[in-house]
Structures are given as C-alpha cells and as structure tokens.
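Working notes for the structure below.
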Amino acid sequence: MTTAPALPLDLLGDLARRARDSGARAYLVGGAVRDAILGRAPMDLDVALEGPASTADELA
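In the working numbering, the protein residues as written are 315 to 374.
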C-alpha cells in the first residue's frame, strides 16, 4: 500500500476556516482528490464553495 503525498493541510485548513467564518463551506474537489487517492502529488488544488457568492471574492 502506498501513502498519499502530503496535501498542504495548513493552506486547506486556513481556507476552510475562512470560508466557515464567512458563512460558507469549502470542499476540495477535482484532480487533487483523485491524485491523493492514487498516491500522486497534486499539481493544483480545486476548491468548491457552498455559500454566498461574495465569499469567493473574499477568499480569492
């Protein structure tokens, strides 16, 4: 069994906290999830936000 390369948990945690504080939820989606499952280093991070549209502007 291979172990997945480390995701930038500090960055993802900060993003999740900031989204929550803005009344939204942040989800890691896309290729980074697939790559982590396959044990590959993700090349980029895709995040889906659920909440007010203004949250995306604040977090960008």
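Cβ coordinates follow ideal geometry from the N, Cα and C atoms, glycine included.
Inset, instruction - Compare the Cα-Cα distances from L321 to each of G353, A333, R339 and R334 and report the closest residue. - result: The option with the nearest alpha carbon to L321 is G353.
Legend entry - M357 versus V347, E364 and P366, residue with shortest Cα-Cα distance: Nearest C-alpha to M357: V347.
Inset, instruction - Put T359 into one of helix, strand or coil per three-state DSSP. - result: The residue asked about is misnamed: residue 359 is Leu in this sequence, not Thr. For L359, the three-state secondary structure derived from DSSP is coil.
Inset, instruction - Following the continuous alpha helix (DSSP H) through R354, name the residue where it begins and the one where it ends. - result: R354 -> no alpha helix (DSSP H), and no H or E assigned at all.
Inset, instruction - Hey, could you find the ends of the alpha helix (DSSP H) L329 is sitting in? - result: Residues L323 to D335.
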